[in-house]
Amino acid sequence: MKRSVIFLLAALLAASLVVPAMAEEPVTLRFWTDPRFRNIAGMEDKTSLPGEWEMIQAQEFMKLYPHVTIEVEVIPFEDLTVRVPAAIAAGGAPDILKDYLGRTAQYWHEGVLEPLEDLIPQDELADYLPSLVEMYTLDGHLHALPSYSWVGHLVANKAIWDEKGLGHLLPTIDNPSWTVEEFEAAIEAVKEDSLWPFGLFVPPDGQADYRYLAFFWVFGAKLYEGGDYSRVDLNSPEGVEALTWLKSLNDRELIQPGATTMTSAQLDTMLWRGEIAMMGNTAALWSGYTNALRDGKVTREIDLVPVPYPTVPGVSAGLAVGPTGFAIFKQEDPNKLKWAVEFIRFLNQPEYQQIYAQNASQFPVRLSAGNPHEGKPHFEMIQKMLELYGAEDLGVTSTYYNQVRTLLSTEIQAVLINQKTPEQALADFEREANRILSR
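In terms of my numbering, the sequence shown opens at residue 52 and continues consecutively.
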């Protein structure tokens, strides 16, 4: 869905935001953002560099409210985990931060964010997906305002199956589910020399946790039970069964070599070369394919289709979601807090959420934003999967999220390289993770 810039600006100027009735005291807000948005449709010449889109937004807000000055600073992704904590420690945190839930939740636990549930109009908050509002509610408080989200799922290069006349082995939008047995039959059917059916990477820092945790959910194993982040629950018969099954795929060479040392970029390259047929990812892979095609990195026929993780009878397993939102750091000046809230409301208007979702290949979290990917079958399939399976708990809002996921990845690595049995690895993970969680 493309909207002209003129239409967008008209909509923004007509937005129902608070209009000052008299001269206001000057306010300066520091807004830190990641560099995700570039080349906004219809504004490519003005948004080719990270931060230019956010500066345009800030300028539009300042036109509406001349007493407010917005200072935009772009923080590279690799620096977000360093710059923000360092700024907090030094007492120099920004006023507003756009970042991933897994990090903003940690700042809430540190006690440095403003609760927002009483600052956002309830009728406006009712326009947000309830599951996302719930996910962003910590200790009974809305710690940040969700904006857009990725959804984790499997992606298959259907061309590999079609070339063998086996495209019928993959799920479709009319029948978006399959069993573990059907999944195995599908990947075994395309195994060849120099073609591994399934791509997996388990980095030591745990960054790809949603890709392998999904296989635990398939068998009914949960990292945490019922939102209780005081202990892990993965060391269960279901967890052992899941990890044993994942190891069997690796032992049967259905997974590419080097899963414990592979990077995401290397796995993508193998996909473009036709060396793997399927892997876990998000809708961002379609943007990656467009870039790889432009850069001449694609050397075989590619037809990417989203497919769900397989299911086990009687087990309800959801999909991983990774939302990004706007957080406001603690403010001593109530007037400054007021305008920080107005600015994040401005940034999160449905028209902007549509643009965010289109540009990031993700999904809006406001109901009135509609479907910004209309006419794109793969997005329709992903939305249908999300509606069918719902969201799963990655534990991203737990206090020790990063430590626990790093620990889990090292234990899975140990299983894949035959250093530990699944039983040993999960027992070791449980013991050490619970020690961390009991601090």
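From the three backbone atoms N, C-alpha and C, an ideal C-beta is built for every residue, glycine too. Quantities reported herein were computed from a predicted structural model and do not represent experimental measurements.
Practice task
Apply the 10 Å Cβ neighbour rule to LEU100 and answer buried if 16 or more other Cβ atoms are within range, or exposed otherwise.
Solution key: Your numbering for residue 100 matches position 49 in the sequence shown. The residue is exposed, with fewer than 16 neighbouring Cβ atoms inside 10 Å.
Segment limits, alpha helix (DSSP H) that includes LEU459:
Counting from 1 along the sequence shown, the entry for residue 459 is found at position 408. Unbroken alpha helix (DSSP H) run through LEU459: 452–467.
**Prompt:** If you draw a straight line from the alpha carbon of ILE468 to that of VAL349, how long is it in whole angstroms?
**Reply:** If you number the sequence shown from 1, residue 468 lands on position 417. If you number the sequence shown from 1, residue 349 lands on position 298. For ILE468 and VAL349, the distance between alpha carbons rounds to 30 Å.
Please specify which runs of the beta strand (DSSP E), each continuous and at least 3 residues long, are wholly inside the segment 276–342, giving them in chain order. 327–332
### Query
Residue range of the beta strand (DSSP E) that ASN208 falls in?
The residue given as residue 208 occupies position 157 in the sequence shown. 204–208 is the span of the beta strand (DSSP E), which, as asked, contains ASN208.
Separation of LEU398 from LEU167, as counted between CA atoms: One-based indexing of the sequence shown puts residue 167 at position 116. One-based indexing of the sequence shown puts residue 398 at position 347. Their Cα atoms are separated by approximately 15 Å.
- request: Let me know the secondary structure DSSP gives SER449 once reduced to three states.
  value: In the sequence shown, residue 449 corresponds to position 398, counting from 1. It is coil, neither helix nor strand.
Notebook entry, point to check: In terms of DSSP beta bridges, what is THR230 paired with?
Noted result: Numbered from 1 along the sequence shown, position 179 holds the residue referred to as residue 230. Per DSSP, the beta-bridge partners of THR230 are THR362.
- Query: Distance, Cα to Cα, ARG417 vs ASP178?
  - Reply: Walking along the sequence shown from the start, residue 417 turns up at place 366. Walking along the sequence shown from the start, residue 178 turns up at place 127. Spanning the two alpha carbons is a distance of roughly 5 Å.
TODO: Note down the Cα distance separating GLY102 from PHE88, rounded to an integer number of angstroms.
DONE: The residue given as residue 102 occupies position 51 in the sequence shown. The residue given as residue 88 occupies position 37 in the sequence shown. Their backbone Cα atoms lie some 7 Å apart in a straight line.
_In whole angstroms, give me the CA-to-CA distance for GLU352 and ILE211._
The residue you call residue 352 lines up with position 301 of the sequence shown. The residue you call residue 211 lines up with position 160 of the sequence shown. Answer to the nearest angstrom: the Cα atoms are 8 Å apart.
With DSSP collapsed to three states, give me the class of TYR187.
In the sequence shown, the residue the question calls residue 187 occupies position 136. Three-state DSSP puts TYR187 in coil, outside helix and strand.
Helix, strand or coil at LYS97 according to DSSP, with G and I counted as helix
In the sequence shown, counting from the first residue as 1, residue 97 sits at position 46. It is helical.
Can you pull the DSSP bridge partners for ARG417?
Here residue 417 is taken as the residue at index 366 of the sequence shown, counted from 1. Bridge partners of ARG417: TYR179.
**Study point:** Unbroken stretches of the alpha helix (DSSP H), 4 residues or longer, contained in the segment 380–447
**Key:** 385–398, 401–411, 428–440
Query - GLU165 versus LEU148: straight-line alpha-carbon distance, rounded - result: Translated into positions along the sequence shown, residue 165 becomes position 114. Translated into positions along the sequence shown, residue 148 becomes position 97. GLU165 and LEU148 have their alpha carbons spaced roughly 12 Å apart.
ask   = Under the DSSP definition of a beta bridge, which residues are partnered with SER200?
value = Here residue 200 corresponds to residue number 149 of the sequence shown, with the count starting at 1. SER200 pairs with PRO374, PHE414.
Checklist line | Rounded C-alpha distance that separates GLN475 from GLN307 | finding: Residue 475 sits at position 424 when you count from the first residue of the sequence shown. Residue 307 sits at position 256 when you count from the first residue of the sequence shown. So the two alpha carbons sit approximately 24 Å from each other.
- Candidates LEU264, THR132, LYS273: which alpha carbon is nearest ASP85's? If you number the sequence shown from 1, residue 85 lands on position 34. ASP85 has its Cα closest to that of THR132, out of LEU264, THR132, LYS273.
Pull up the DSSP beta-bridge partners for ILE121, would you.
The residue labelled residue 121 in the question sits at position 70 within the sequence shown. ILE121 is bridged to LEU80.
Rounding to the nearest angstrom, what Cα-Cα distance links ARG303 and THR333 in this structure? The sequence position of residue 303 within the sequence shown is 252, counting from 1. The sequence position of residue 333 within the sequence shown is 282, counting from 1. Taking the straight line from one Cα to the other gives about 26 Å.
| message | Check this for me: beta carbons of LEU370 and GLY278, under 9 Å apart or not? | response | By one-based count along the sequence shown, residue 370 stands at place 319. By one-based count along the sequence shown, residue 278 stands at place 227. The answer is no: Cβ separation not under 9 Å.
Neighbourhood of PRO197 by C-beta distance below 6 Å, restricted to the same chain and skipping five residues each side: One-based indexing of the sequence shown puts residue 197 at position 146. Only LEU183, TYR187, PRO374, GLY376, VAL416 meet the Cβ criterion.
Inset, instruction - Report the rounded CA-to-CA distance for SER287 versus MET94, giving the unit in angstroms. - result: Position 236 of the sequence shown, counted from the first residue, corresponds to residue 287. Position 43 of the sequence shown, counted from the first residue, corresponds to residue 94. Near 52 Å, if we compare the C-alpha coordinates of MET94 and SER287.
**Asked** Can you list, in chain order, the residues of its chain whose CB lies under 7 Å from that of ALA72, leaving out five sequence neighbours each side?
**Response** Here the question's residue 72 lines up with position 21 in the sequence shown. Caution applies to ALA72, whose pLDDT of 45 falls short of 50 and renders its modelled position unreliable; the value that the coordinates give is listed next. For ALA72, where only same-chain residues beyond five positions count, there are no Cβ hits under 7 Å.
| What are the partner residues of TRP247, as DSSP defines its beta bridges? | Taking the sequence shown and counting its residues from 1, one reaches residue 247 at position 196. Per DSSP, ILE327.
Beta-carbon spacing of LYS435, PRO227 below 9 Å: Numbered from its first residue, the sequence shown carries residue 435 at position 384. Numbered from its first residue, the sequence shown carries residue 227 at position 176. It is a contact, given that the beta carbons lie within the stated cut-off.
For a test of the three-state rule: what should DSSP assign to THR223, helix, strand or coil? Here residue 223 corresponds to residue number 172 of the sequence shown, with the count starting at 1. In the three-state scheme derived from DSSP, where H, G and I count as helix and E and B as strand, THR223 is classed as strand.
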